[in-house]
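Structure record follows, encoded as structure tokens.
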Amino acid sequence: MEIILILRAISGGEISPEEYKRITGKIKDFFYDKGFSDIHLLGIILTAVPERARFLYYEQDDHFIVDLWNRRLIVYENRSPFFSSLVPVLEDIIHDEEYSTGLSQAEYTGRRGQNGHIKIVSLINSIIIAVNILIYILFHYTGIFGETIDAIKKGALFWYYVKEDREYYRLITSMFLHSDFGHLLNNMMVLFFVGDNLERAAGKIKYLLIYFGSGIIAGISSIGYNMIRKSEIMSIGASGAIFGIVGAMVYILLVNKGRLEDISSRQIILFAVFSLYGGIINVNVDNVAHIGGFIGGIILAIILYRKHKRTGLKKREEY
12 MEIILILRAI SGGEISPEEY KRITGKIKDF FYDKGFSDIH LLGIILTAVP ERARFLYYEQ
72 DDHFIVDLWN RRLIVYENRS PFFSSLVPVL EDIIHDEEYS TGLSQAEYTG RRGQNGHIKI
132 VSLINSIIIA VNILIYILFH YTGIFGETID AIKKGALFWY YVKEDREYYR LITSMFLHSD
192 FGHLLNNMMV LFFVGDNLER AAGKIKYLLI YFGSGIIAGI SSIGYNMIRK SEIMSIGASG
252 AIFGIVGAMV YILLVNKGRL EDISSRQIIL FAVFSLYGGI INVNVDNVAH IGGFIGGIIL
312 AIILYRKHKR TGLKKREEY
């Protein structure tokens, strides 16, 4: 089994080598526990400071470094053959598209702190991720809300409770509940990567409106569909809101002619297509919520987002 982990470390110092190795280890352990064997992991590190990011390298797995500032791919000679076919593909993507860290050289230097790190983590998105993780720990490991399954049922989305008992709060609480660690990990990794970009592009308040608005639209879509089918399915997870974030990013990327910071329309659209396809072939996924959230995110972005006029930025020379 091949696993690809994409890590955005613009300054190269957002994460320590020990933390990076621990994260990759936990990801592999998760799939080992699910019965997979012969696992190969590739870490693709997106950075503007490759001389710092190279310290994340360790020998047990494969690692590619994408130098966003100079638009080049850095690979190591002792890499395994499993991901060699990706090298020309990644090089084509890097050279064919205009990559940017979103900072001019002056801004890049000016935004470094005393420790040399760039302040890039978006506040609201980070808080949402932290709240999701905290709630997962409280529900699954502390027992303060009772048995995990019973506690989740009290906050899960079920059309009958919302319609007949008017428990509208479930549209919100269900967004912060996850069934297991894999469910949480998948959602939070996507949210960390895409949500961070959206918050910087749209602003904190608009990001909040898009996130929760998309999540509510996703919940209403799921309720309507299951009510028509008289289904007794309960839904949990942040994926409806996250698909809304993805939908909003698709619209914003199109408005910005296909590129925004270190993410392109090709990447985000491919992610959406593969995620929806993965949901279709998985019977335990609420695809209606995903589609509803995605469409809701696009609509909310159309209403809320206005392209900023950027001045004084130096255009990148062709590499």
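The numbering used here applies: residue 12 is where the sequence shown begins, and numbers increase by one.
For each residue, glycine too, the CB sits at the ideal point set by N, CA and C.
Please read all numbers here as calculations on a predicted model, not as lab measurements.
Inset, instruction - Just mark Asp-40 as buried or exposed, buried being the case when its beta carbon has 16 or more other beta carbons within 10 Å. - result: exposed
Inset, instruction - Following the continuous alpha helix (DSSP H) through His-301, name the residue where it begins and the one where it ends. - result: Note, His-301: alpha helix (DSSP H), 298-315.
Legend entry - Distance CB(Ala-249)-CB(Asn-198) smaller than 7 Å: yes
Inset, instruction - Leaving out five residues on either side along the sequence, give the residues of the same chain with a beta carbon under 8 Å from the beta carbon of Leu-84. - result: Phe-75, Ile-76, Val-77, Asp-78, Val-98, Leu-101, Glu-102 and Ile-105
Legend entry - heavy atom of the ligand FAD below 6 Å from Val-60 C-beta: Among the ligands in the structure shown, none appear at all, so the ligand FAD cannot be discussed.
Inset, instruction - Give the straight-line distance between the Cα atoms of His-128 and Ile-310, rounded to the nearest whole angstrom. - result: Here His-128 scores only 43 on pLDDT, less than 50, and its place in the model should not be relied on; the value that follows carries that caveat. If I take the Cα positions, the gap works out to 36 Å.
Legend entry - Straight-line gap, Val-201 to Ile-253 (C-alpha atoms, nearest Å): Answer to the nearest angstrom: the Cα atoms are 8 Å apart.
Inset, instruction - Mind checking which residues open and close the beta strand (DSSP E) that includes Glu-13? - result: 13-19
Legend entry - Buried/exposed call for Arg-82, threshold 16 Cβ in 10 Å: buried
Legend entry - Glu-210 and Asn-136 closer than 7 Å at C-beta: yes
Legend entry - Inter-residue spacing [alpha-carbon to alpha-carbon] between Phe-256 and Ile-163: Before going on, a small fix: residue 256 reads as Ile here, not Phe. Their backbone Cα atoms lie some 24 Å apart in a straight line.
Inset, instruction - Flag this pair as yes or no: are the beta carbons of Gly-235 and Ala-300 separated by less than 7 Å? - result: The answer is no: Cβ separation not under 7 Å.
Legend entry - Contact set for Gly-303: own chain, Cβ-Cβ below 6 Å, skip 5 residues either direction: Exclusion of the five residues before and after Gly-303 leaves Ile-228, Ala-229 and Ser-232 as the residues of its chain whose Cβ lies within less than 6 Å of its Cβ.
Legend entry - Entirely enclosed beta strand (DSSP E) segments - the stretch 165-210, minimum 3 residues: Counting whole runs of 3 or more residues, the stretch 165-210 contains no beta strand (DSSP E) stretch at all.
Legend entry - Where the beta strand (DSSP E) containing Thr-35 begins and where it ends: That residue, Thr-35, is in no beta strand (DSSP E); its alpha helix (DSSP H) goes 28-44.
Legend entry - Within 7 Å, strictly: CB atoms of Glu-167 and Ile-221: According to the sequence as given, residue 167 is Ala; it is not Glu. Result no, Cβ atoms of Ala-167 and Ile-221 do not sit closer than 7 Å.
Inset, instruction - Enumerate in chain order the residues of its own chain whose CB-to-CB distance from Leu-315 is below 8 Å, with the five nearest sequence positions on each side excluded. - result: Ala-213, Lys-217, Leu-220 and Ile-221
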